[in-house]
Structures are given as structure tokens and as C-alpha cells.
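According to our numbering, the sequence shown is numbered sequentially starting from 505.
In what follows, a structure is listed as C-alpha cells, so that the remarks can point back to it.
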Amino acid sequence: ASVKSALALAEETAGKAGEIDALSARVAADPADHQARYDLAMALFAAGDRDGAVDALIEIIRRDRGWNDEAARQQLLKFFEAFGPTDPTTLAGRRKLSSVLFS
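Here is the structure:
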């Protein structure tokens with residue numbers, strides 16, 4: 505299941521890594537632009553910055569849990585599935601997510 509998830513994510517994020525600077529600028533200009541932050545998370549993931557991608561999605565959840573039918577939470581769960589349950593990024597991300605959800 506983990507390999508399938510990783511392959512699906514790789515296909516979904518293919519070609520997005522080059523957009524990081526532009527998306528970072530959009531998020532800096534408007535921190536409430538959740539679509540730009542979501543796109544940034546996907547670009548960071550494509551570039552290999554898994555921690556940055558997880559943090560961007562958690563920030564969306566912190567700001568607006570229900571945004572886009574909980575797209576950030578759903579994508580975050582896909583990341584965790586692809587990384588595997590014992591991966592350090594998954595463990596740290598789950599702790600951060602719990603902190604946001606239960607604060």
C-alpha cells in the first residue's frame with residue numbers, strides 16, 4: 505500500500521518542483537491563500553522536501569480545517585501512507601496534526 509501511494513503521489517506531483525519560488529511568494533503575499541499553500545506543499549513534496557510539504561498542509565488545517573472539503577487533511581494522510589507508519593516524518597507530522605486538531 506505504501507509503494508502504491510508513493511507512486512500515485514509521484515505522478516500527481518510530477519513537474520511541480522520548479523514552482524516553489526513563485527508559490528512561496530504567493531503565500532508570503534497572502535498567507536490566507538490556501539490554494540497557493542496547498543500547491544506549495546505539492547511542489548515541496550515533488551522536490552523532496554517532505555517535512556516542508558507536511559508543514560504547509562498542517563498550516564492550512566490550522567488556519568481552516570474545512571478548506572476545500574478537507575483537501576489538506578486528506579493529502580496529508582496520503583503522504584503519511586506513502587511514507588509509512590514508522591517513518592520519522594510521519595511520526596512528527598502526526599504529532600503536529602494532533603496538536604492542531606486538539607488544541
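A virtual CB, placed ideally from N, CA and C, is assigned to each residue, including glycine.
Fair warning: this is a prediction, and the values are worked out from it, not measured in the lab.
Per DSSP, the continuous alpha helix (DSSP H) segment holding residue 592 begins and ends at 592-605. Residue 568 sits in coil when the DSSP states are folded into three classes, being neither helix nor strand. Residue burial is scored here from C-beta neighbours: residue 516 has fewer than 16 other C-beta atoms within 10 angstroms and is therefore classed as exposed. Less than 8 angstroms separates the beta-carbon of residue 545 from that of residue 557.
Nearest in C-alpha terms to residue 547, of all of 599, 523, 606, 538, is 523.
With fewer than 16 other Cβ atoms from the protein chains shown falling within 10 Å of its own Cβ, residue 570 counts as exposed. Under the three-state reduction of DSSP output, residue 553 falls in the coil class, being neither helix nor strand.
Nearest to residue 549 by C-alpha distance, out of 533, 590, 512, is 512. A distance below 7 angstroms between beta-carbons, with the five flanking residues on each side excluded, links residue 586 to the following residues of its chain, in chain order: 506, 509, 510, 513.
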